[in-house]
Amino acid sequence: DPFAAWYRNPLDADDILAGGSLVLLAALFIPLYLLVIAVFTRTEKEIIGFRFLLSAAAADILCMIQYAGLNGMAILTKSRLVSHEGRPWLQFYIDYVWSRLHSILFPYSFQHQTRRVSYGLAIFIGWIAPLIFECSIHWQPFMTVFYFEPAAYGMLSEDFGKYLTDGQSIVVLTPNAICGFLPFLFYGVAIVLLIKHGITASNRMQRVEIMLILPCALSSIVFVVGQVAITIGTGSGKWATWTICFLFFVNSALQPILLLIFSPFVR
Numbered sequence: 001d002p003f004a005a006w007y008r009n010p011l012d013a014d015d016i017l018a019g020g021s022l023v024l025l026a027a028l029f030i031p032l033y034l035l036v037i038a039v040f041t042r043t044e045k046e047i048i049g050f051r052f053l054l055s056a057a058a059a060d061i062l063c064m065i066q067y068a069g070l071n072g073m074a075i076l077t078k079s080r081l082v083s084h085e086g087r088p089w090l091q092f093y094i095d096y097v098w099s100r101l102h103s104i105l106f107p108y109s110f111q112h113q114t115r116r117v118s119y120g121l122a123i124f125i126g127w128i129a130p131l132i133f134e135c136s137i138h139w140q141p142f143m144t145v146f147y148f149e150p151a152a153y154g155m156l157s158e159d160f161g162k163y164l165t166d167g168q169s170i171v172v173l174t175p176n177a178i179c180g181f182l183p184f185l186f187y188g189v190a191i192v193l194l195i196k197h198g199i200t201a202s203n204r205m206q207r208v209e210i211m212l213i214l215p216c217a218l219s220s221i222v223f224v225v226g227q228v229a230i231t232i233g234t235g236s237g238k239w240a241t242w243t244i245c246f247l248f249f250v251n252s253a254l255q256p257i258l259l260l261i262f263s264p265f266v267r
């Protein structure tokens, strides 16, 4: 075990900084997100977009717990938390909840939808479709396992060369690139449709809906940056791998901040 010495030694300043900062971020942003969710639940009958953001918020909180809370605790306790045999299942869970397919749903919030249709779309495209996709590729022979290594402060691959050359990187990056691009297309179409149908200053609900476009679009940019960071940062040192986990956390934690900035209704 190349990390055996790290597990035997006591925590040093780097360990405390890496683990403590992740735990602190989780402790700050998860309660903030829960407050924003409380606004969603009170107003989703009026604002259709909030129904889809509730679906995204559930995935975001799971990601924040994983990438900041649990990873930070793993560093501070010098414990892997998951056995070697459990790594493939943990990766399955991480890949599933990190899917950004639900972000594509958002522009459809500008249509007139019943609550049943909205939540049905959010559940099917945001949760069931990613589960089917993940099940279809997770046990293929070209797949290699990524896992969190506390001694490395971040995600490592059991065979990163295989990830780059045997097709997994293409299989993973292609749908993620599509998921990163499509929101910009749909958000643009949504803006055109809203302008075409005449957004007026007196239409409060429409103004709230259109102001939700900016935070979702900015979140998509962060998502694309995270994809690039995986390829560049994996295996490049412990602070590079820590930065990947941090970016994954930011991708989720940014949502409540952007909503507070751009949506007076949420404030």
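One point on numbering: in full-length UniProt numbering, the residue at position 49 of the sequence shown is 49, and numbering is uninterrupted. Cβ atoms here follow ideal geometry from the backbone N, Cα and C, with glycine treated the same way. Owing to the predicted nature of the structure, the values given are computational and were not obtained by experimental measurement.
- Look at Met155 here: in three-state DSSP terms it is strand.
- Taking all protein chains in view, the Cβ of Asp15 is crowded by 16 or more other Cβ atoms within 10 Å, so the residue is classified as buried.
- Residue pairing by DSSP places Glu134 in no beta bridge whatsoever.
- In this chain, the alpha helix (DSSP H) harbouring Tyr7 covers 4 to 8.
- With respect to the C-alpha of Gln255, the residue from Ser21, Ala13, Ala59, Tyr7 having the closest C-alpha is Ala59.
- By the 16-neighbour rule on beta-carbons within 10 angstroms, Ser252 is buried.
- It is roughly 46 Å from the alpha-carbon of Phe124 to the alpha-carbon of Arg8.
- Where Tyr147 is concerned, there is no enclosing alpha helix (DSSP H), although the beta strand (DSSP E) around it starts and stops at 146 to 149.
- One alpha carbon belongs to Val23, the other to Lys238, and they sit about 17 Å apart.
- Pairing Val225 with Leu247 gives a Cβ-Cβ distance under 8 Å.
- Distance check between Gly161 and each of Gly154, Val145, Ala151 places Val145 closest, using alpha-carbon atoms only.
- If only complete runs of 4 or more residues are kept, the region 8 to 83 shows the alpha helix (DSSP H) at 13 to 43, 48 to 64, 71 to 77, in order along the chain.
- Thr241 is positioned such that its CB atom lies no closer than 8 Å to that of Leu131.
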